[in-house]
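First to last, the protein sequences are chains A and B.
Take the first sequence: its position 211, counting from 1, is numbered 211 in full-length UniProt numbering, and each next residue is one higher.
Take the second sequence: its position 54, counting from 1, is numbered 54 in full-length UniProt numbering, and each next residue is one higher.
For glycine and all other residues, C-beta sits at the position ideal for the given N, C-alpha and C.
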Amino acid sequence: MAEDKNNVVLLDFWPSSYGMRVKIALQEKGVSYECRQEDFDAKSSLLLEMNPIHKTIPVLIHNDKPICESLNIVEYIDEVWSHKTTSLLPSDPYKRSQARFWGNYIDKNVYSKGKKVWNGKVMEEKEESQKQFIECLKILEEELGDKPYFGGDEFGYVDVALVPFTSWFYTYETLGNLSIEEFVPKLVSWTKRCMEKESVAKSLPHPHKIYGFALEYREKHGHD
Amino acid sequence: MEDKLSEVVLFGSWYSPYTSRVKLALKLKGIPFKYVEENLSNKSELLLKYNPIHKKVPVLLHNGMPICESLIILEYIDEVWNHAPKLLPEDPYQRSRVRFWANYTDQKIMPASYPLLLLKGEKKQKAIEDMEEMQRVLEEGIKQDFPEQFSFFNGKTIGLLDIFMGVNCYNYKAFHEVTNSEIIGPKNPKIFMWVNALKEHPLMKDTLPPHDKVVAMLKTMIAPTPDV
Numbered sequence: 001m002a003e004d005k006n007n008v009v010l011l012d013f014w015p016s017s018y019g020m021r022v023k024i025a026l027q028e029k030g031v032s033y034e035c036r037q038e039d040f041d042a043k044s045s046l047l048l049e050m051n052p053i054h055k056t057i058p059v060l061i062h063n064d065k066p067i068c069e070s071l072n073i074v075e076y077i078d079e080v081w082s083h084k085t086t087s088l089l090p091s092d093p094y095k096r097s098q099a100r101f102w103g104n105y106i107d108k109n110v111y112s113k114g115k116k117v118w119n120g121k122v123m124e125e126k127e128e129s130q131k132q133f134i135e136c137l138k139i140l141e142e143e144l145g146d147k148p149y150f151g152g153d154e155f156g157y158v159d160v161a162l163v164p165f166t167s168w169f170y171t172y173e174t175l176g177n178l179s180i181e182e183f184v185p186k187l188v189s190w191t192k193r194c195m196e197k198e199s200v201a202k203s204l205p206h207p208h209k210i211y212g213f214a215l216e217y218r219e220k221h222g223h224d
Numbered sequence: 001m002e003d004k005l006s007e008v009v010l011f012g013s014w015y016s017p018y019t020s021r022v023k024l025a026l027k028l029k030g031i032p033f034k035y036v037e038e039n040l041s042n043k044s045e046l047l048l049k050y051n052p053i054h055k056k057v058p059v060l061l062h063n064g065m066p067i068c069e070s071l072i073i074l075e076y077i078d079e080v081w082n083h084a085p086k087l088l089p090e091d092p093y094q095r096s097r098v099r100f101w102a103n104y105t106d107q108k109i110m111p112a113s114y115p116l117l118l119l120k121g122e123k124k125q126k127a128i129e130d131m132e133e134m135q136r137v138l139e140e141g142i143k144q145d146f147p148e149q150f151s152f153f154n155g156k157t158i159g160l161l162d163i164f165m166g167v168n169c170y171n172y173k174a175f176h177e178v179t180n181s182e183i184i185g186p187k188n189p190k191i192f193m194w195v196n197a198l199k200e201h202p203l204m205k206d207t208l209p210p211h212d213k214v215v216a217m218l219k220t221m222i223a224p225t226p227d228v
């Protein structure tokens, strides 16, 4: 079956780490797709039609059918294009369960704790937000251990789940006044290793662009 | 052939719907297991060892290796014991829909139950309206994603989504009684028919706590017993 570019459409918002996950997965599998940018103040009728319940990106539209929620999308991509390159999820069921566990952990912790660091409004809570965010990164670094990737020797699902947030590290550090490398040097080395991969380098915006976005966001939402 | 009779242990709590999900999946697949009832106000060292990050039930232990989080456990069970009945559909798109609704249940519906139990007056009324809206969303979504006229979302047999949503919906009358609400009913006919099919399912009857126990448990959540 010929892969028509129009077969696969990604509804995205460029600073979203969740959107970046999907781009990396598609790149890893060599899948051609059309990427459409959404404006959060004026969501497209296509987004509202394809994800009426949550109205959020990313949404992957494959043969006119929508798949929502980034890690679901990554699993879907891994299953549908299983013939292309190695799997993102391990083949062993136990290792798969562990990969899903860490994907779930990242989903529950990194974004929300990170946002309190770069967008926190209350001075007194700043120290606590920093502490919680660093704790979360330390737990992830412990899971990484001395492996080159979370998946082991191969870049995989957990790496895909986490690496997009690293494009936000400069923002966390600058607005949160902290040094990530000081606390989690292995994780920072892992970041550099991942950035050597074409799929990651092509999918992550430059950290300074993210920083610019964060500043605009803060101004728009009533920060000083 | 791999020996699948190696020890399976489930750490859980009798009133935890998340634990019930795993019990149902294991029983559905005919997997023998040892059950360990945890006292959630005094968690065992083993539980804390096997789930150090979340410190929650359920935890499935298989060959001494722990798996946490009910959705992850159910997918693991379906992959390791991949004989029928299958918990998830074969088609990747349908699998993504099952996962979507499983997440909707855990991220939206489950958290919305607590305000219904704990709030009073106008705030409670708002909580009821919010929950009713979610049921409408579910009804529409299910019609779209599971259009065939089968008793269950998984077809003729129960599967992951039936289990996921069923553990709470099964005892909907207890919830109605305690919150003085009517969330599940003929106004959402597809869900109502599905719940009634679940009520007749022998595995659900055998595994889930009975109505009176659930009522008693829910009532303690409204007026918790003081710490000794």
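message: Between which residues of its own chain and HIS176/B is the CB-CB distance below 8 Å, once the five residues before and five after are set aside?
response: In the second sequence, the residue the question calls residue 176/B occupies position 176. Excluding five sequence positions before and after HIS176/B, the CB atoms of its chain that fall closer than 8 Å to its own CB belong to GLU182, ILE183, ILE184, given in chain order.
query: Roughly how many angstroms separate the alpha carbons of VAL98/B and SER44/A, rounded to a whole number?
result: If you number the second sequence from 1, residue 98/B lands on position 98. If you number the first sequence from 1, residue 44/A lands on position 44. Spanning the two alpha carbons is a distance of roughly 26 Å.
field: Cβ-Cβ distance between GLY19/A and ILE57/A below 7 Å
entry: For the purposes of this step, residue 19/A is taken as the residue at position 19 of the first sequence. For the purposes of this step, residue 57/A is taken as the residue at position 57 of the first sequence. In this structure, GLY19/A places its C-beta atom within 7 Å of the C-beta atom of ILE57/A.
message: Applying the 10 Å Cβ sphere with the 16-neighbour rule, what's the burial state of THR19/B?
response: Within the second sequence, numbered from 1, the residue matching residue 19/B stands at position 19. Buried, by the Cβ-count rule.
- request: Check the Cβ of GLU135/A against every Cβ in chain B and list those closer than 9 Å, keeping chain order.
  value: One-based indexing of the first sequence puts residue 135/A at position 135. Within chain B, no residue comes near GLU135/A; the closest Cβ sits about 11 Å away, beyond 9 Å.
message: Runs of 4 residues minimum, wholly inside the UniProt domain "GST C-terminal" (91 to 222) of chain B: which ones carry the alpha helix (DSSP H) assignment?
response: 92 to 104, 110 to 118, 121 to 145, 160 to 169, 172 to 179, 189 to 199, 202 to 207, 211 to 222
query: How many angstroms separate the CA atom of TYR76/A from the CA atom of LYS29/A?
result: To locate residue 76/A, count along the first sequence from 1; it is residue 76. To locate residue 29/A, count along the first sequence from 1; it is residue 29. Using only the alpha carbons, I get a separation of about 12 Å.
message: Using the Cβ count rule (16 or more neighbours within 10 Å means buried), how would you classify GLY30/B?
response: On the second sequence, position 30 is the one that residue 30/B refers to. Classification of GLY30/B: exposed, given that the 10 Å Cβ count is below 16.
- request: Output the boundary residues of the beta strand (DSSP E) element that contains TYR35/B.
  value: Your numbering for residue 35/B matches position 35 in the second sequence. Element bounds for TYR35/B: 34 to 37.
- request: Give the range of the alpha helix (DSSP H) segment to which HIS208/A is assigned.
  value: Counted from its first residue, the first sequence places residue 208/A at position 208. Element bounds for HIS208/A: 207 to 220.
query: For PRO147/B, is the classification buried or exposed, using 16 other Cβ atoms within 10 angstroms of its Cβ as the cut-off for buried?
result: Numbered from 1 along the second sequence, position 147 holds the residue referred to as residue 147/B. That one is exposed.
field: Three-state secondary structure (DSSP) of PHE101/A
entry: In the first sequence, counting from the first residue as 1, residue 101/A sits at position 101. Here PHE101/A sits in helix by DSSP.
task: Output yes if chain B places a C-beta closer than 7 Å to the C-beta of VAL80/A; else output no.
output: As a working note, residue 80/A is residue 80 in the first sequence. VAL80/A counts as touching chain B.
field: For GLU2/B, the three-state DSSP class (helix, strand or coil)
entry: For this step, residue 2/B is matched to residue 2 along the second sequence. The pLDDT assigned to GLU2/B is 47, lower than 50, so where the model puts this residue is not dependable; a value taken from the coordinates is nonetheless given after this. In the structure shown, GLU2/B sits in coil (DSSP, three-state: anything other than H, G, I, E or B).
message: Beta-carbon within less than 8 Å of VAL184/A's beta-carbon, same chain only, minus the 5 sequence neighbours each way: which residues are those?
response: In the first sequence, residue 184/A corresponds to position 184, counting from 1. Closer than 8 Å at the Cβ level, and outside the excluded window around VAL184/A, lie ILE134, LEU137, LYS138, LEU140, GLU141.
message: Quick check: is the beta carbon of ASN119/A nearer than 7 Å to any beta carbon in chain B?
response: In the first sequence, residue 119/A corresponds to position 119, counting from 1. No - not a single Cβ of chain B is within 7 Å of the one on ASN119/A.
message: Going by DSSP in three states, LYS40/B sits in which element: helix, strand or coil?
response: Here the question's residue 40/B lines up with position 40 in the second sequence. Per the sequence presented here, residue 40/B reads as Leu, with Lys not at that position. Of the three classes helix, strand and coil, the one that applies to LEU40/B here is coil, per DSSP.
task: Could you give the DSSP three-state label for LEU46/B: helix, strand or coil?
output: Position 46 of the second sequence, counted from the start, is the residue given in the question as residue 46/B. LEU46/B falls in the helix class under three-state DSSP.
query: What does ILE72/B reach in chain A if we use C-beta pairs closer than 8 Å?
result: Locating residue 72/B in the second sequence gives position 72, counting from the first residue. Here the neighbours are SER97, ARG100, PHE101, ASN104.
- prompt: How far does the alpha helix (DSSP H) with ILE78/A in it reach, from first residue to last?
  reply: Counting from one through the first sequence, the residue named residue 78/A turns up at place 78. The identity of residue 78/A in the sequence shown is Asp, whereas the question assumes Ile. Per DSSP, ASP78/A belongs to the alpha helix (DSSP H) from 70 to 80.
- request: In angstroms with no decimal places, state the Cα-to-Cα distance between ASP106/B and THR207/B.
  value: Translated into the one-based positions of the second sequence, residue 106/B becomes position 106. Translated into the one-based positions of the second sequence, residue 207/B becomes position 207. C-alpha separation (whole angstroms): 21 Å.
field: Sequence-distant residues of the same chain with beta carbon closer than 8 Å to ASP162/B, five excluded per side
entry: The sequence position of residue 162/B within the second sequence is 162, counting from 1. Within the same chain, ASP162/B has close Cβ partners PHE152, PHE153, ASN154, TRP194, LEU198.
task: Assuming GLY12/B contacts VAL57/B (C-beta within less than 8 Å), just tell me the rounded distance between them.
output: Here residue 12/B corresponds to residue number 12 of the second sequence, with the count starting at 1. Here residue 57/B corresponds to residue number 57 of the second sequence, with the count starting at 1. Here GLY12/B really is in contact with VAL57/B; their C-beta atoms are around 5 Å apart, less than 8 Å.
message: Between GLU7/B and chain A, is the shortest Cβ-Cβ distance under 7 Å, so that the two count as touching?
response: For this step, residue 7/B is matched to residue 7 along the second sequence. At a cut-off of 7 Å between beta-carbon atoms, GLU7/B makes no contact with chain A.
- request: Could you confirm whether any beta carbon from chain B is found closer than 7 Å to the beta carbon of LYS5/A?
  value: Sequence index remark: in the first sequence, residue 5/A carries index 5 (1-based). Bear in mind that the predicted position of LYS5/A carries a pLDDT of just 49, short of 50, making it too unreliable to give a figure here.
field: Neighbouring residues, chain B, relative to ASN72/A (Cβ below 7 Å)
entry: Your numbering for residue 72/A matches position 72 in the first sequence. Result: SER96, ARG99, PHE100.
- prompt: GLY19/A lies in the alpha helix (DSSP H); which residues open and close that run?
  reply: For the purposes of this step, residue 19/A is identified with residue 19 of the first sequence, where counting begins at 1. From DSSP, the alpha helix (DSSP H) with GLY19/A extends over 17 to 28.
message: Please report whether the beta-carbon of LYS138/A lies at a distance below 7 Å from any beta-carbon of chain B.
response: For the purposes of this step, residue 138/A is taken as the residue at position 138 of the first sequence. It does not: the Cβ of LYS138/A has no partner Cβ on chain B nearer than 7 Å.
query: Listing by chain order, which chain B residues have their CB less than 7 Å from the CB of LYS65/A?
result: Position 65 of the first sequence, counted from the start, is the residue given in the question as residue 65/A. Listed along chain B, the residues sitting closer than 7 Å to LYS65/A by beta-carbon distance are TYR93.
query: Can the beta-carbon of GLY120/A be found less than 7 Å from the beta-carbon of SER129/A?
result: In the first sequence, counting from the first residue as 1, residue 120/A sits at position 120. In the first sequence, counting from the first residue as 1, residue 129/A sits at position 129. With respect to SER129/A, GLY120/A sits close: the two C-beta atoms are nearer than 7 Å.
- request: State the Cα-Cα distance for the pair PRO93/A and LYS205/B, rounded to the nearest angstrom.
  value: Here residue 93/A refers to the residue found at position 93 of the first sequence. Here residue 205/B refers to the residue found at position 205 of the second sequence. One C-alpha to the other measures close to 30 Å.
query: Does the beta-carbon distance from SER70/B to ASN72/A come in below 7 Å?
result: Here the question's residue 70/B lines up with position 70 in the second sequence. Here the question's residue 72/A lines up with position 72 in the first sequence. No, the pair does not count as a contact, with Cβ atoms beyond the cut-off.
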